[in-house]
Amino acid sequence: MTPYAMGSLPAMLGIKAGSKVSVINPPRGFVQKLNPLPDGVEFLITAQSGLDVILFFTSDAHELVQRLPALSRAMALTGGIWICWPSGEGIKSSLSEEFVRHAALDIGLVDNKICLIDETWTGLRLVRRPRGRIDKPDHRKQAPTAQA
């Protein structure tokens with residue numbers, strides 16, 4: 040049984056049809072694990088904004104703190120950043136779930152999902168705080184007003 044018994048890896052990561060995705064520092068063979076992908080997924084190496092899913096692999100806390108603000112700016116309003124760090128036994132990393140969470144909070148991001156990427160890597164999904172999002176237009180019908 041795969042770790043993605045509830046769905047495919049792309050589904051677990053929020054990669055949907057038409058998503059704009061960036062994968063940074065992936066371990067060998069990771070991108071192949073994303074197949075098959077939904078239709079119209081676009082991989083971008085560099086983007087200033089508009090990315091739906093960013094997967095950032097690192098084992099270095101300093102690198103995370105330095106790069107997280109730029110990753111946040113590159114994320115679409117309703118997008119997410121997966122910070123992925125090695126968590127398997129015997130692997131050295133200066134990162135932990137708690138460290139990633141605090142680094143995110145420092146720049147106004149919150150975590151909303153965790154995923155075991157594979158036997159080595161764990162990912163924490165970061166999103167903008169709901170109050171940091173622009174309100175979506177309200178398309179609900181309004182109740183008719185009483186007329187005099």
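By this note's numbering, the letter at position 27 of the sequence shown is numbered 66, and the numbering carries on one by one without gaps. Idealized CB from N, CA, C, for every residue including glycine.
Neighbour-count burial assignment, residue i, 16 or more Cβ in a 10 Å radius
i    : result
T161 : buried
P75  : exposed
DSSP state of residue i mapped onto helix, strand, coil
i    : result
A86  : coil
V149 : strand
L52  : coil
K59  : strand
R164 : strand
7 angstroms CB neighbourhood of residue i in its chain, flanking five on each side removed
i   : result
G53 : V92, G119
A32 : Residue numbering for the chain in the displayed model covers 40 to 187; residue 32 lies beyond these limits and cannot be assessed.
Proximal residues to residue i (C-beta, below 6 angstroms), its chain only, five neighbours per side dropped
i   : result
G79 : A56, G57
Cβ distance (whole Å) where residue i is taken to contact residue j below 8 angstroms
i    : j    : result
S111 : L134 : About 17 angstroms separates the two Cβ atoms, so there is no contact after all.
T159 : G129 : Their Cβ separation, rounded to whole angstroms, is 10 angstroms, which puts T159 and G129 out of contact at 8 angstroms.
Neighbourhood of residue i by C-beta, 8 angstroms cutoff - its chain only, sequence neighbours within 5 removed
i    : result
R168 : G147, L148, V149
- request: Please determine if the region 137-153 and the region 68-78 are in contact, where contact requires at least 3 C-beta pairs separated by less than 8 angstroms.
  value: no
- prompt: Would you say the region 74-83 touches the region 56-63, given that touching needs at least three Cβ pairs under 8 angstroms?
  reply: yes
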